[in-house]
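Under the numbering used here, the letters of the sequence shown match residues 35 to 104, in that order.
By construction, the Cβ of each residue, glycine as well, lies at the ideal position given by its N, Cα and C atoms.
One structure below.
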Amino acid sequence: MNDALKCPECSNELKRGYIFSPRRISWSESPDPVLSDFGSEVLINNAFIKIGKIPALRCEDCTVVIFKYK
Ligand SMILES: [Zn+2]
Numbered sequence: 035m036n037d038a039l040k041c042p043e044c045s046n047e048l049k050r051g052y053i054f055s056p057r058r059i060s061w062s063e064s065p066d067p068v069l070s071d072f073g074s075e076v077l078i079n080n081a082f083i084k085i086g087k088i089p090a091l092r093c094e095d096c097t098v099v100i101f102k103y104k
């Protein structure tokens, strides 16, 4: 375990926690808004039975969240 992960912006220590979403989390390289996420890359898929939580690290000052999607 790496205990001292630092924020990439302000270098403060990141706070450990979990993120979760009742819907999917998708990735796009375009900032354009979309009507549907069909065809986009899904990082976190729908939770059908229970909502999975993803270990994440967050900086409250910069509102940066870092998480792994696999
Ligand atoms: Zn920060």
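Near ligand 1: residue i beta-carbon under 6 angstroms from a heavy atom
i: residue 43; result: yes
i: residue 66; result: no
i: residue 46; result: yes
Proximity of residue i and residue j at Cβ, strictly below 7 angstroms
i: residue 48; j: residue 77; result: no
i: residue 56; j: residue 100; result: no
Residue i versus residue j: straight-line alpha-carbon distance, rounded
i: residue 50; j: residue 62; result: 26 angstroms
i: residue 95; j: residue 59; result: 23 angstroms
i: residue 70; j: residue 44; result: 35 angstroms
i: residue 137; j: residue 102; result: The structure shown does not extend to residue 137, since the chain spans only 35 to 104, so no value can be given for it.
i: residue 72; j: residue 87; result: 23 angstroms
i: residue 74; j: residue 104; result: 17 angstroms
i: residue 68; j: residue 42; result: 29 angstroms
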